[in-house]
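Keeping their order, the protein sequence lines are chains A and B.
Position 51 of the first sequence, counting from 1, maps to 50 under numbering that gives the first Met the number 0, and the rest follow consecutively.
Position 215 of the second sequence, counting from 1, maps to 214 under numbering that gives the first Met the number 0, and the rest follow consecutively.
Reviewing the structure listed below.
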Amino acid sequence: MALAVEAERLVKRFTGRAGTVDAVRGVDLRVEEGEVFGFLGPNGAGKSTTVRMLTTLMTITSGSARVAGVDVAAEPDAARRAIGVALQEAGLDSRQTGRELLVLQGRLFGLHPAAAADRARELLELVDLVDAADRRIKGYSGGMKRRLDLASALVHQPEVLFLDEPTTGLDPASRLTVWDEVRRINALGTTVFLTTQYLEEADQLCSRLAIIDDGVIVREGTPAELKADLRRRRGLEADPTLDEVFLDATGRIRERVAGQVQEVE
Amino acid sequence: MSSLRALAGRAVREMLRTPDALLPTVFIPLFFLVVNVGQAARIFPAGATPFLEGQNYAAFQLPAAILLASSFGGAALFLVEDIEGGYFDKLRASPVSRSAIVLGRLLAEGAKSVGIATLIVLVALPFGITVASGVLGFLLLVALAAGWAVVFSGFMQLIALKTRSAAATQSGSLIFFPLLFLTPNFVPRDLLTRPMEVAATFNPVTYIMEGLRSLVLEDFNWTRIGRGFLVVAVFGALMVFLNVRTIRNYD
Numbered sequence: 000m001a002l003a004v005e006a007e008r009l010v011k012r013f014t015g016r017a018g019t020v021d022a023v024r025g026v027d028l029r030v031e032e033g034e035v036f037g038f039l040g041p042n043g044a045g046k047s048t049t050v051r052m053l054t055t056l057m058t059i060t061s062g063s064a065r066v067a068g069v070d071v072a073a074e075p076d077a078a079r080r081a082i083g084v085a086l087q088e089a090g091l092d093s094r095q096t097g098r099e100l101l102v103l104q105g106r107l108f109g110l111h112p113a114a115a116a117d118r119a120r121e122l123l124e125l126v127d128l129v130d131a132a133d134r135r136i137k138g139y140s141g142g143m144k145r146r147l148d149l150a151s152a153l154v155h156q157p158e159v160l161f162l163d164e165p166t167t168g169l170d171p172a173s174r175l176t177v178w179d180e181v182r183r184i185n186a187l188g189t190t191v192f193l194t195t196q197y198l199e200e201a202d203q204l205c206s207r208l209a210i211i212d213d214g215v216i217v218r219e220g221t222p223a224e225l226k227a228d229l230r231r232r233r234g235l236e237a238d239p240t241l242d243e244v245f246l247d248a249t250g251r252i253r254e255r256v257a258g259q260v261q262e263v264e
Numbered sequence: 000m001s002s003l004r005a006l007a008g009r010a011v012r013e014m015l016r017t018p019d020a021l022l023p024t025v026f027i028p029l030f031f032l033v034v035n036v037g038q039a040a041r042i043f044p045a046g047a048t049p050f051l052e053g054q055n056y057a058a059f060q061l062p063a064a065i066l067l068a069s070s071f072g073g074a075a076l077f078l079v080e081d082i083e084g085g086y087f088d089k090l091r092a093s094p095v096s097r098s099a100i101v102l103g104r105l106l107a108e109g110a111k112s113v114g115i116a117t118l119i120v121l122v123a124l125p126f127g128i129t130v131a132s133g134v135l136g137f138l139l140l141v142a143l144a145a146g147w148a149v150v151f152s153g154f155m156q157l158i159a160l161k162t163r164s165a166a167a168t169q170s171g172s173l174i175f176f177p178l179l180f181l182t183p184n185f186v187p188r189d190l191l192t193r194p195m196e197v198a199a200t201f202n203p204v205t206y207i208m209e210g211l212r213s214l215v216l217e218d219f220n221w222t223r224i225g226r227g228f229l230v231v232a233v234f235g236a237l238m239v240f241l242n243v244r245t246i247r248n249y250d
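Shown next as structure tokens:
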């Protein structure tokens with residue numbers, strides 16, 4: 000099967016006054032077309048940095064990355080045409096209306112004004128924002144903003160959709176709505192690269208996932224494979240949860256101390 | 000070009016939907032015009048001051064007010080909002096040219112300056128000020144003011160892109176005050192003290208002000224007008240180049 004995302008020995012090094020930090024240290028990734036691929040990791044593990052490199056938003060220190068068969072460093076504009084991006088914070092212009100934002104996004108991807116308006120109408124229907132289409136975005140709820148952000152990432156019918164923590168900060172109902180959207184988008188043939196901190200989300204949505212910690216991939220496989228692997232290694236009677244897989248992979252132990260959950264190395 | 004038009008249109012909408020940010024750019028320059036004229040007009044009476052070319056001192060001060068109005072660089076603060084809110088990344092993740100991202104806002108700032116400079120001139124007309132170079136001169140005056148607005152906004156955008164901070168960007172706008180006061184602001188350059196004359200000669204804003212002033216006070220003085228447009232062209236090209244380079248290397 001063809002690869003939608005391929006990264007080899009991807010490295011990102013930040014150099015500042017305080018010294019040098021290797022945020023991503025040789026990540027290899029292979030995501031097949033049509034997958035919903037989950038990319039998990041604790042805060043600061045290198046998830047967003049990896050996504051920013053794959054989506055041309057950040058330069059690559061070393062290694063290589065191809066998305067939809069295009070080298071993101073050598074042909075960034077071709078890569079941008081092939082991908083849709085919805086980042087951690089819904090990147091929206093609050094002074095525009097939902098419709099204006101989608102029309103503008105269409106025009107940035109080369110659509111004629113009339114075609115951009117038609118595409119905006121389709122997407123507003125898809126994410127159920129027709130009634131709010133001509134209201135300024137600053138009046139939207141968190142869930143509406145997420146849905147609009149998703150719609151704006153789909154304007155040009157991308158081959159690969161990158162979603163960076165798309166449900167962070169959403170209430171449970173809005174989260175379920177976003178999950179439904181992700182399933183629907185994937186069913187239409189779009190590969191989804193999803194980063195999340197919510198393991199239940201990964202369990203629900205992802206056909207395969209990778210866990211990154213301290214800038215390196217520490218586990219990769221289907222949720223069932225990862226659970227079975229931990230069960231075998233620990234000699235457990237039943238399959239562990241994905242939470243337990245995550246904690247095992249990242250070397251963290253949960254201890255309940257004085258009513259608080261603490262994470263310790 | 001289509002993307003550039005779309006981005007400039009979005010920036011214009013943004014300005015019009017933020018009247019709170021627009022109003023000071025009209026009222027503060029008019030305030031300085033009134034105060035400066037009130038303080039110095041009696042020193043330079045209309046009939047007895049050769050450099051006024053028969054007009055009153057308000058006509059001499061008008062270009063300073065227009066320059067100030069063109070030097071707020073509000074586009075850069077909207078850019079910082081885009082950066083902080085994540086919309087800037089959305090733009091960068093699209094295949095639109097990096098120069099269109101830079102120029103969209105700058106063109107909108109130029110369009111805003113056209114409107115404000117026109118408004119200030121219209122407000123000034125009932126007070127006996129005329130644009131001596133006529134309708135064509137007025138159009139050149141507005142174009143020169145808009146050109147300067149693009150240059151200064153380009154400078155402010157550069158600070159915004161480098162610092163990604165609203166506070167630092169806002170502080171950057173303060174550089175205009177030394178630039179404005181190191182010009183022949185109150186009298187022509189040949190009446191300045193020697194150190195001030197040297198400083199004004201090295202200050203590019205001097206040539207914009209002298210170009211604007213020649214259009215208000217004289218018939219066409221192409222040398223002064225040409226120097227003003229040359230400064231806009233050189234510094235405008237420099238700012239666009241630096242902005243595009245910064246966006247290309249933006250991490």
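We put the beta carbon where it would ideally sit given N, CA and C, even for glycine.
Enclosing alpha helix (DSSP H) for V154 of chain A [first to last residue]: Element bounds for V154 of chain A: n/a, residue is neither H nor E.
Please report the straight-line C-alpha distance between A113 of chain A and G84 of chain B, rounded to a whole angstrom. 28 Å
Those residues which DSSP pairs with S63 of chain A across a bridge: Its beta-bridge partners are A:E7.
Use the C-beta contact count for D163 of chain A: other C-beta atoms within 10 angstroms, 16 or more gives buried, fewer gives exposed. buried
For a contact meaning CB atoms closer than 8 Å, what does E88 of chain A contact in chain B? G84 and G85
Please identify, using Cβ separations under 7 Å, the residues of the region 182 to 204 of chain B that lie next to chain A, in order along the chain. Look at the region 182 to 204 of chain B: it has no residue with a C-beta under 7 Å from a C-beta of chain A.
Against F18 of chain B, what residues of chain A qualify as contacts under a CB-to-CB distance less than 9 Å, listed in chain order? Contrary to the premise, residue 18 of chain B reads as Pro rather than Phe in this sequence. In chain order: nothing, as chain A lies at least about 12 Å away.
Extent of the continuous alpha helix (DSSP H) run through F185 of chain B: Counting along the chain, F185 of chain B falls outside any alpha helix (DSSP H), and DSSP gives it neither H nor E.
Within a Cβ cutoff of 7 Å, which residues of the same chain sit near G171 of chain B, ignoring the five residues on either side of it in sequence? M155 and I158
Would you please verify whether the beta carbon of K89 of chain B is less than 8 Å from any beta carbon of chain A? yes
Taking contact to mean 3 or more Cβ pairs, one atom from each stretch, closer than 8 Å, check whether the region 72 to 83 of chain A and the region 214 to 231 of chain A are in contact. no
C-beta contact flag for S164 of chain B and A75 of chain B at 8 Å: Against a cut-off of 8 Å, the Cβ pair of A75 of chain B and S164 of chain B comes out as no contact.
Quick test of the definition: if touching needs 3 or more C-beta pairs under 8 Å, does the region 92 to 111 of chain B touch the region 177 to 197 of chain B? Counting Cβ pairs under 8 Å, fewer than three are found: no touch.
What does DSSP give as the partner residues of I82 of chain A in its beta bridges? A:V159
Give a yes or no on whether 8 Å exceeds the smallest Cβ distance from F118 of chain A to chain B. Checking the displayed sequence, the identity of residue 118 of chain A turns out to be Arg instead of Phe. By this cut-off, R118 of chain A is not an interface position.
Closer than 8 Å by C-beta to V25 of chain B: which residues in its own chain qualify, once you throw out the five before and the five after it? Chain order, please. A68, I115, L118 and I119
Is it true that the region 115 to 123 of chain A meets the region 87 to 105 of chain A, where meeting means three or more beta-carbon pairs spaced less than 8 Å apart? yes
Relative to the C-alpha of A67 of chain A, which candidate in A:V35, A:L39, A:A3 and A:T19 has its C-alpha closest? The closest CA to that of A67 of chain A, considering only A:V35, A:L39, A:A3 and A:T19, is found on A:A3.
Identity of the residue in B:Q60, B:T48 and B:R41 nearest I128 of chain B by Cα: Minimum Cα distance to I128 of chain B is reached at B:Q60.
Secondary structure of V35 of chain A, DSSP reduced to three states: strand
Where DSSP assigns a beta bridge to T14 of chain A, which residues make up the other side? In the DSSP assignment, T14 of chain A forms a beta bridge with A:T19.
Taking only beta-carbon positions, decide if E108 of chain B is within less than 8 Å of chain A. no
Relative to the alpha-carbon of G213 of chain A, which residue among A:G18, A:R12, A:A44 and A:V30 has its alpha-carbon at the smallest distance? According to the sequence provided, residue 213 of chain A is Asp. The question's Gly does not apply to it. When each option's Cα is compared against that of D213 of chain A, the closest is A:A44.
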